[in-house]
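> Sequential numbering from 49 applies to the sequence shown in my numbering.
Where a beta carbon is used, it is the ideal one built from N, C-alpha and C, also for glycine.
Remember, it's a predicted structure, so these values are computed and weren't measured experimentally.
Dropping a structure here in structure tokens format, bear with me for questions.
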Amino acid sequence: MFSNYFNEEAETMPLSEIKDLQLAKLKKQLAYVYENSPFYRKKFDEAGVKPHNINRLKDLELFPFTTKDELRDSQKQAPPLGLHAAQPLDNIIRIHASSGTTGVPSFVGITARDRDIWTEVVSRCYYSEGVRPNSKVIMGFGIGFFVGGLPLHDAIENIGATFIPIGTGASDRILSSIDNIKADIITCTPSYAIYLADYIRKLGRDPRELGIKRIMCGAEPGGGVPGVRKRIEEDWGATVTESLGNADILPVYAAECEERSGNHFLGHEYLYLEVIDPDTGEALELEDGVTGELVATHIDRDCVPLVRFRTRDRVTVWTSPCSCGRTGFRVRCIGRTDDMLIVLGVNVFPSAIKDVVSGFRPRVTGEMQVVLDQPGPKVEPPLKIRVEHGTDNGDLKQLKKEIENALREKLIFSPLVELVPPGTLPRYEMKGQLIYKAYEQK
Ligand SMILES: [Zn+2]
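This is the structure in structure tokens:
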């Protein structure tokens with residue numbers, strides 16, 4: 049029998065010990081950053097703060113935020129890694145790119161020590177999601193420049209599981225690997241899990257009979273969105289879990305356990321996380337149900353260390369104890385600031401719309417698209433949404449009315465639903481696109 053934890057001591061560490069450890073490491077890291085990163089030396093000096101100002105974790109709130117735009121500027125000024133790099137290029141063993149939803153990608157360099165820390169934390173996450181030394185894991189993310197590739201490979205092999213490197217765009221090879229190697233776990237985006245099930249059914253086979261036990265989702269919200277999760281589980285007859293990561297922070301730093309009630313934060317010796325009010329920047333008390341923007345600070349990182357980095361991830365946090373014994377708080381990403389729409393002052397995330405729409409299966413397929421006639425985030429109501437109806441759907445007028453009512457009640461905005469035939473909307477092998485920019489097509 050295998051242990052329930054990859055690193056029991058770290059994953060079940062009492063909260064008071066975690067805080068003491070984080071404070072000691074934060075002090076050391078801020079001194080390192082001030083000494084080695086011209087970018088942060090300037091930022092700290094301009095804000096009138098010094099590393100020795102930290103006497104408790106809360107004192108970090110005195111320090112300024114770091115934004116993605118600042119990182120891009122920093123890399124323009126000192127290519128390739130930027131003025132925030134803190135390590136000479138000779139010490140860098142690998143460079144990844146972090147995709148931006150806007151603009152050019154930025155580069156993420158790591159030292160050998162950074163790589164080992166990534167591997168440790170990502171291993172804890174995948175283990176929490178159920179990977180064991182006897183698992184055979186199909187890699188359904190691209191193994192390229194982005195951090196969703198090699199770091200996951202390092203971790204899965206580190207656990208001792210069998211890694212099957214397939215990547216995207218090769219659904220036929222995934223199917224033959226399930227058949228021939230008897231792979232039992234797939235890790236991929238939720239969009240791809242849905243795409244792949246469709247692909248397999250079109251070949252006249254039933255994904256539920258292939259023996260896949262787990263699908264581990266990441267890179268976009270969906271695996272933890274109840275309606276979407278249910279759809280993938282029904283498609284595959286498998287358990288669906290999700291994890292959370294960020295290229296600039298750590299490829300995967302939080303993941304679900306068997307309870308599946310949010311992603312446990314599993315990297316507290318390396319990262320300090322805050323949740324802030326995205327409008328005022330005020331740090332919020334971490335307690336059950338708190339919602340805001342996740343802000344991350346590296347407390348043990350050699351290259352490209354970040355202080356109070358605004359992730360643009362909107363999250364909800366839970367701190368109540370979990371039956372699995374892991375002490376890290378749980379976090380769920382409900383959407384990205386970049387995807388958020390504002391309808392008459394109400395914040396609306398496309399992934400939340402997808403959740404409501406998915407609840408109407410099988411009368412709908414679960415595929416939907418928000419149609420924008422003008423650039424967001426502000427949208428004049430009604431918000432236009434295309435929804436694929438199912439093959440056997442009954443009264444379409446009635447269905448449209450029911451979906452509109454459900455959206456109005458649950459998400460408090462005024463929708464205009466257009467039903468389209470099944471198979472009309474695009475499917476995705478990587479991240480799904482829930483917003484259709486009609487204004488760009490004119
Ligand atoms: Zn748990």
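Verify the contact flag: Cys236, CB atom, against every heavy atom of ligand 1, threshold strictly below 7 Å.
Position 188 of the sequence shown holds residue 236. Not under cutoff, so the answer is no.
> Just how far apart, CA to CA, sit Asn311 and Val179?
Numbered from 1 along the sequence shown, position 263 holds the residue referred to as residue 311. Numbered from 1 along the sequence shown, position 131 holds the residue referred to as residue 179. One C-alpha to the other measures close to 15 Å.
> Using a Cβ-Cβ cut-off of 6 Å (strictly less than) and excluding sequence neighbours within five positions of Glu415, which residues of its own chain qualify?
Against the sequence shown, residue 415 aligns to sequence position 367. Glu436, Leu473.
> So what does DSSP say about Gly271, is it helix, strand or coil?
Position 223 of the sequence shown, counting from 1, holds the residue named residue 271. Correct three-state label for Gly271: coil.
> Nearest to Asn206 by CA position, among Gly480, Ser85, Glu168, Asp386, is which residue?
Here residue 206 corresponds to residue number 158 of the sequence shown, with the count starting at 1. Of Gly480, Ser85, Glu168, Asp386, the residue nearest in Cα terms is Glu168.
> Beta strand (DSSP E) containing Phe155: first to last residue?
Along the sequence shown, read from residue 1 onward, the residue named residue 155 stands at position 107. Its beta strand (DSSP E) spans residues 154 to 158.
> Suppose the cutoff is 6 Å on Cβ atoms and the five residues either side in sequence are ignored; what does the same chain contact list for Ala241 look like?
Locating residue 241 in the sequence shown gives position 193, where the first residue counts as 1. Answer for Ala241: Ile263, Ile280, listed in chain order.
> Taking 6 Å as the limit between beta carbons, can you name the residues of its chain near Val391, skipping five residues before and five after?
Your numbering for residue 391 matches position 343 in the sequence shown. Cβ neighbours of Val391 beyond the five flanking positions: Val427, Pro429, Leu431, Phe461.
> Heavy atom of ligand 1 less than 7 Å from the Cβ of Glu307, yes or no?
Here the question's residue 307 lines up with position 259 in the sequence shown. It does: the Cβ of Glu307 is within 7 Å (strictly closer) of some heavy atom of ligand 1.
> Could you give the DSSP three-state label for Phe194: helix, strand or coil?
Here residue 194 corresponds to residue number 146 of the sequence shown, with the count starting at 1. Three-state result, Phe194: strand.
> Could you tell me if Gly217 is buried or exposed, where buried requires 16 or more neighbouring beta carbons within 10 angstroms of its beta carbon?
Translated into positions along the sequence shown, residue 217 becomes position 169. So Gly217 counts as exposed.
> Can you tell me whether Thr115 is buried or exposed? The criterion is at least 16 other CB atoms within 10 Å of its CB, across all chains shown.
Residue numbering aside, residue 115 sits at position 67 when the sequence shown is read from its first letter. Exposed is the call here.
> Helix, strand or coil, according to DSSP, for Val468 in the structure here?
Numbered from 1 along the sequence shown, position 420 holds the residue referred to as residue 468. Val468 falls in the strand class under three-state DSSP.
> Going by DSSP in three states, Glu282 sits in which element: helix, strand or coil?
Indexing the sequence shown from 1 puts residue 282 at position 234. Helix at Glu282.
> In terms of alpha-carbon separation, which member of Asp220, Lys184, Ser171, Arg256 lies closest to Asp52?
In the sequence shown, the residue the question calls residue 52 occupies position 4. Here residue 52 is Asn; the residue named in the question, Asp, does not match the sequence. Of the listed residues, the one whose Cα sits closest to Asn52 is Ser171.
> Can at least three beta-carbon pairs, one atom from the stretch 187 to 194 and one from the stretch 314 to 324, be found at a separation below 8 Å?
No: fewer than three Cβ pairs fall under 8 Å.
> What I want to know is whether the C-beta of Arg374 ends up closer than 7 Å to one or more non-hydrogen atoms of ligand 1.
If you number the sequence shown from 1, residue 374 lands on position 326. Yes, Cβ of Arg374 sits closer than 7 Å to a heavy atom of ligand 1.
> Hey, Ala79 and Pro99: beta-carbon distance below 8 Å or not?
Here residue 79 refers to the residue found at position 31 of the sequence shown. Here residue 99 refers to the residue found at position 51 of the sequence shown. Against a cut-off of 8 Å, the Cβ pair of Pro99 and Ala79 comes out as a contact.
> Here's a check: name, in chain order, each residue in its chain whose Cβ is nearer than 8 Å to the Cβ of Pro299, leaving out the five neighbours to either side.
Here residue 299 refers to the residue found at position 251 of the sequence shown. Excluding positions up to five away in sequence, the list reads Trp166, Val170, Val195, Gly196, Pro199, Leu200, Gly293.
> Quick one: what's got a C-beta closer than 8 Å to Tyr175's C-beta in the same chain, skipping five residues either side?
Walking along the sequence shown from the start, residue 175 turns up at place 127. Only Tyr53, Phe54, Ile207 meet the Cβ criterion.
> Is the distance from the Cβ of Lys184 to the Cβ of Thr159 below 8 Å?
Mapped onto the sequence shown, residue 184 falls at position 136. Mapped onto the sequence shown, residue 159 falls at position 111. No. Outside cutoff.
> Residue range of the beta strand (DSSP E) that Val355 falls in?
Your numbering for residue 355 matches position 307 in the sequence shown. No beta strand (DSSP E) contains Val355, which DSSP labels as neither H nor E.
> Counting pairs of beta carbons, one from the stretch 254 to 269 and one from the stretch 455 to 471, are three or more of them closer than 8 Å?
no
> Touch check for the stretch 369 to 377 and the stretch 338 to 356: three-plus C-beta pairs under 8 Å?
Contact between the stretch 369 to 377 and the stretch 338 to 356 is absent, because fewer than three Cβ pairs lie under 8 Å.
> DSSP three-state call for Thr60: helix, strand or coil?
Counted from its first residue, the sequence shown places residue 60 at position 12. Three-state result, Thr60: coil.
> Between Ala134 and Glu56, what straight-line distance do the alpha-carbon atoms span, to the nearest angstrom?
Looking up residue 134 in the sequence shown gives position 86. Looking up residue 56 in the sequence shown gives position 8. Cα to Cα, the separation comes out at about 32 Å.
> Suppose you measure from the CA of Val404 to the CA of Lys278; what does that come to, to the nearest Å?
Counting from one through the sequence shown, the residue named residue 404 turns up at place 356. Counting from one through the sequence shown, the residue named residue 278 turns up at place 230. Cα-Cα distance, rounded: 12 Å.
> My guess is that Ile102 and Lys67 are in contact by the Cβ rule of under 8 Å, so how many angstroms apart are they, rounded?
Walking along the sequence shown from the start, residue 102 turns up at place 54. Walking along the sequence shown from the start, residue 67 turns up at place 19. Incorrect: roughly 13 Å between the Cβ atoms, too far for contact.
> Report buried or exposed for Lys106, applying the criterion of at least 16 other Cβ atoms within 10 angstroms of its Cβ.
Translated into the one-based positions of the sequence shown, residue 106 becomes position 58. With fewer than 16 Cβ atoms within 10 Å of its Cβ, Lys106 is classed as exposed.
> How is Lys184 classed by DSSP in three states: helix, strand or coil?
In the sequence shown, counting from the first residue as 1, residue 184 sits at position 136. Lys184: strand per DSSP, three-state reduction.
> Please find out if some non-hydrogen atom of ligand 1 comes closer than 7 Å to the beta-carbon of Ser370.
Locating residue 370 in the sequence shown gives position 322, counting from the first residue. Reading off the sequence shown, one finds Cys at residue 370, where the question assumed Ser. Checking every heavy atom of ligand 1 against the Cβ of Cys370, one is found closer than 7 Å.
> Excluding the five sequence neighbours on either side, which residues of its own chain have a C-beta within less than 7 Å of the C-beta of Ser368, listed in chain order?
Stepping through the sequence shown from its first residue, residue 368 is reached at position 320. Once the five neighbours on either side are set aside, the close Cβ partners of Ser368 are Asp336.
> Anyone know if the C-beta pair for Val343 and Val363 falls short of 8 Å?
Along the sequence shown, one-based indexing puts residue 343 at 295. Along the sequence shown, one-based indexing puts residue 363 at 315. For Val343 and Val363, no; Cβs fall outside 8 Å.
> Between Ala95 and the rest of its own chain, which residues show a CB-CB distance below 6 Å, the 5 nearest in sequence each way excluded?
As a position in the sequence shown, residue 95 is number 47, starting the count at 1. These residues qualify, in order along the chain: Pro112.
> Check each candidate in Leu447, Asn395, Cys305, Asp421 and name the one with the smallest Cα separation from Lys458.
Position 410 of the sequence shown holds residue 458. It is Asn395 whose Cα lies nearest to the Cα of Lys458.
> Tell me whether Glu109 sits in a helix, a strand or coil according to DSSP, three-state version.
Residue numbering aside, residue 109 sits at position 61 when the sequence shown is read from its first letter. The answer is helix: DSSP assigns Glu109 an H, G or I state.
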